[in-house]
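Its first residue numbered 1, the sequence shown is counted upward by one per residue in the UniProt record's numbering. Beta carbons are placed, not taken as given, at the ideal position from N, Cα and C, and that holds for glycine. No experiment lies behind these values; they were computed from the predicted model shown.
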Amino acid sequence: MLEIRGLEVVFDGFRAIDGIDLTVDQGELRFLIGPNGAGKTTLIDVITGLTRPAAGSVRFGGTELVGHKEHKIVRLGIGRTFQTSVVFEELSVVENLDLAASFRRPLAALLRQRRGVSDTVRAALETIGLTDLAERPAGVLSHGQRQWLEIGMLIAQGPKLLLLDEPVAGMSKDERERTGELLTEIAKDHTVIVIEHDMEFLRRYASQVTVLHEGTVLVEGDVAAVQADPRVQEVYLGRSREDAA
Ligand SMILES: Nc1ncnc2c1ncn2[C@@H]1O[C@H](COP(=O)(O)OP(=O)(O)OP(=O)(O)O)[C@@H](O)[C@H]1O
């Protein structure tokens, strides 16, 4: 489904991505990890058309993405979350979802008053577990609920591939658990790539993991193999231990 080959991204002479090959199959829940500055967010920026690579190709279902504008890539079925929130606080939960879902509808349909909740929006509400809060303004949501709403807004757009940037950052233990279950659920009918630093979360919910380091793929494999790899311990776990100290 997603095939990245020979990818290079250069910022003012600095090689943020230095020759990445990555294949993600349909229906995978793939975790991307790596120390700060490894190139994880840059990789997602390239897939979504925000950053143009100096070299390489990104093929999605056989279509080359490099050179396409962001909105075209969204229409091809790729959705992402950002580290900063995109929720409209004054609008209700369901209105936020409706707005996200409506991006495919023509303007006339957008201007028409909403007559009840569409099946897409209802399904997204249920998936993210916010049905009871549907009519509340998004501004009153807890941090975790807000993150779920953002994921719901992506799902409502009907993407095939979801790219999530640190979805459990700042969440409580319960919220992390709920998010892990949510990702597992979403991965049943979507391909999902998750950037995540939290090792405990990874141990619980990841199967396939790709470790990036200094703009290259350091190791790839199942979570146990990746964790046991001395190179990963050196660059990633070693560093987290220092951070924790
Ligand atoms: N627009 C930019 N201009 C210049 N340098 C950039 C730009 N964006 C990213 N970089 C640099 O590229 C490298 C990779 O950054 P990136 O944000 O992709 O890392 P990351 O793995 O996502 O790290 P983090 O975990 O801190 O988010 C970093 O050294 C960063 O400073």
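Three-state secondary structure assigned by DSSP to residue i
i      : result
Thr179 : helix
Thr63  : strand
Glu3   : strand
Thr41  : helix
Thr48  : coil
Ala245 : Its pLDDT being 44, under 50, Ala245 is placed unreliably in this model, and the value from its coordinates should be taken loosely. It is coil, neither helix nor strand.
Thr184 : helix
Opposing strand residues paired with residue i [DSSP bridges]
i     : result
Ala55 : Glu8
Asp18 : Glu8
Arg30 : Ile193 and Gln208
Thr23 : Glu3
Arg80 : Leu163
Closest Cα partner of residue i within the set the options
i           : options                          : result
Pro53       : Pro35, Gly129, Gly6 and Gly34    : Gly6
Val235      : Glu181, Gly77, Asp222 and Leu218 : Leu218
Tyr205      : His190, Gln157 and Gly180        : Gly180
residue 264 : Phe201, Ile193 and Ser207        : Limits of the chain in this structure are 1 at one end and 245 at the other, which puts residue 264 out of reach.
Lys69       : Val168, Thr42 and Ile47          : Ile47
Leu130      : Gly139, Phe11, Gly152 and Asp119 : Gly152
Gln208      : Val24, Ala16 and Asp18           : Val24
Gly56       : Lys188, Val9, Ile73 and Glu89    : Val9
Alpha-carbon to alpha-carbon, residue j and residue i
i      : j      : result
Val87  : Asn36  : 26 angstroms
Val226 : Ile20  : 18 angstroms
Leu161 : Pro230 : 31 angstroms
Phe60  : Met1   : 5 angstroms
Leu50  : Leu163 : 13 angstroms
Val232 : Val211 : 7 angstroms
Gly13  : Gly221 : 31 angstroms
Leu182 : Ile4   : 27 angstroms
Ile155 : Ile44  : 18 angstroms
Arg75  : Gly34  : 29 angstroms
Worksheet item: Curious, which full-length alpha helix (DSSP H) runs of at least 4 residues does the region 85-170 contain?
Response: 93-101, 107-111, 119-128 and 143-156
Practice prompt. Identify every run of the beta strand (DSSP E) within the region 209-241, keeping only runs that are complete inside it and at least 3 residues long; order them along the chain.
Written response: 216-222
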